[in-house]
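Beneath this line is the structure, given in structure tokens, with notes to follow.
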Amino acid sequence: MKLNCPINWIMKNSLFLSILLFSFVGLYAQKTLVPTDAGSKVHFVIKNFGINTGGDLAGLKGSIKIVPTKPAASVVDVTAQVSTVDTDNERRDSHLKTADYFDVGKYPTIHIVSTKISATSTPGSYVFTGNLSIKAVTKPVSFPFTATAANGGYLFVGGFSINRLDFGVGKGSATLSDIVKIQLTIAAK
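For any residue, its number in the working numbering is found by taking its place in the sequence shown, counting from 1, and adding 174.
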């Protein structure tokens, strides 16, 4: 059987198609994503009278640029609206919004921004290093997270703990723990 196309033409076009394909993949992987409330959850848990009590925040805004091939070029800059706090208890939610805790009127958002994103030895797993701002206080945080392609974007999952008193959230208490566990599940497109 005789080929109608010379071998050089096939090789050149295969090379061209490969370069084009990798260019599109590279552009998509480096695109800036926007966090969405749909599919996202910013969940916190704190012990109150020795029992785990939790709640959620929403109203996510900001941008996430994840570059799997070059994690150091990745950037996260996201806020959550404190007025959305939901613990399934309206009275508690109202109290958390006051100056005793989050002071929503003066500090409407919680802000997290990366200073460094590092890869781990596991594909799709990274370490976030950055700053968390609650009220007028900014503190460094570092935690592992995963990034998985999902629904035309990415799903980011990670978690860390903070001492609420470090951020001026509430006062010392014999019944309410100082340590708050935060679990992030962030969908971004």
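Positions of the beta carbon are idealized from the N, C-alpha and C atoms, including for glycine.
#1: Can you tell which of Thr258, Ile286 and Gln255 has the C-alpha that lies nearest to the C-alpha of Lys313?
#2: Just list the residues that DSSP pairs His217 with in beta bridges.
#3: Would you call Ile291 buried or exposed, if buried means 16 or more other Cβ atoms sit within 10 Å of its Cβ?
#4: Is it buried or exposed, Ala348, if we count other Cβ atoms within 10 angstroms and call 16 or more buried?
#5: In this structure, how does DSSP classify Ala323 when only helix, strand and coil are distinguished?
#6: Between Ile360, Ile356, Gly279 and Lys363, which has its C-alpha nearest Ile220's C-alpha?
#7: Any heavy atom of the ligand FMN within a distance shorter than 6 Å of the CB on Asp277?
#8: Give me the Cα-Cα distance between Pro297 and Ala273, rounded to the nearest whole angstrom.
#9: If you check the beta carbons only, do Asp260 and Asp230 fall under 7 Å apart?
#10: Along the beta strand (DSSP E) that carries Ser347, what are the first and last residues, could you check?
#11: What span of residues does the alpha helix (DSSP H) with Asp277 cover, start to end?
#12: Using a 10 Å radius around the Cβ and a threshold of 16 neighbouring Cβ atoms, would you call Phe302 buried or exposed?
#13: Could you tell me the alpha carbon to alpha carbon distance between Ser288 and Thr206, rounded to whole angstroms?
#14: Applying the 10 Å Cβ sphere with the 16-neighbour rule, what's the burial state of Val343?
#15: Using three-state DSSP, classify Phe334 as helix, strand or coil.
#16: Please go through the same chain and pick out, in chain order, the residues whose beta-carbon is closer than 6 Å to the beta-carbon of Lys271, but skip the five residues on each side of it.
#17: So, are the CB atoms of Leu329 and Ala293 less than 7 Å apart?
#18: Let me make sure I understand the geometry here. Which of Asp251, Val256, Leu306 and Phe223 has the alpha-carbon closest to that of Pro282?
#19: I'd like to know whether the C-beta atoms of Ile248 and Leu234 end up nearer to each other than 7 Å.
Taking the coordinates as given:
#1: Working through the sequence shown from its first residue, we reach residue 313 at position 139. Looking at the Cα atoms, Ile286 is the closest of the given residues.
#2: Within the sequence shown, residue 217 is the residue found at index 43, counting from 1. As computed with DSSP, His217 is found in a beta bridge with Asp230 and Gln357.
#3: Here the question's residue 291 lines up with position 117 in the sequence shown. Buried is the call here.
#4: Counting from 1 along the sequence shown, the entry for residue 348 is found at position 174. For Ala348, the number of other beta carbons within 10 angstroms of its own is below 16, and it is reported as exposed.
#5: The sequence position of residue 323 within the sequence shown is 149, counting from 1. Strand at Ala323.
#6: Counted from its first residue, the sequence shown places residue 220 at position 46. Comparing Cα positions, the closest option is Ile356.
#7: Annotation note on the ligand FMN: not contained in the displayed structure, which lists no ligands.
#8: For the purposes of this step, residue 297 is taken as residue 123 along the sequence shown, with counting starting at 1. For the purposes of this step, residue 273 is taken as residue 99 along the sequence shown, with counting starting at 1. When rounded, the distance between both Cα atoms is 43 Å.
#9: On the sequence shown, position 86 is the one that residue 260 refers to. On the sequence shown, position 56 is the one that residue 230 refers to. Contact annotation: Asp260 and Asp230 have beta-carbon atoms nearer than 7 Å.
#10: For the purposes of this step, residue 347 is identified with residue 173 of the sequence shown, where counting begins at 1. Neither: Ser347 is in no beta strand (DSSP E) and is coded neither H nor E.
#11: Your numbering for residue 277 matches position 103 in the sequence shown. Premise fails: Asp277 is in no alpha helix (DSSP H) and is neither H nor E.
#12: Position 128 of the sequence shown holds residue 302. Answer is buried; the Cβ neighbour count reaches 16.
#13: Looking up residue 288 in the sequence shown gives position 114. Looking up residue 206 in the sequence shown gives position 32. Spanning the two alpha carbons is a distance of roughly 14 Å.
#14: One-based indexing of the sequence shown puts residue 343 at position 169. Classification for Val343: buried.
#15: The count along the sequence shown starts at 1 and reaches residue 334 at position 160. Residue state for Phe334 is assigned as strand, using DSSP reduced to three classes.
#16: To locate residue 271, count along the sequence shown from 1; it is residue 97. In the same chain as Lys271, and ignoring 5 residues on each side of it, the C-beta atoms closer than 6 Å to its own belong to Val278, in chain order.
#17: Translated into positions along the sequence shown, residue 329 becomes position 155. Translated into positions along the sequence shown, residue 293 becomes position 119. Taking 7 Å as the Cβ cut-off, Leu329 and Ala293 do not qualify as a contacting pair.
#18: For the purposes of this step, residue 282 is taken as the residue at position 108 of the sequence shown. Comparing Cα-Cα distances from Pro282 to each of Asp251, Val256, Leu306 and Phe223, the minimum goes to Val256.
#19: Counted from its first residue, the sequence shown places residue 248 at position 74. Counted from its first residue, the sequence shown places residue 234 at position 60. The identity of residue 248 in the sequence shown is Ser, whereas the question assumes Ile. Leu234 sits away from Ser248, with the two beta carbons spaced by 7 Å or more.
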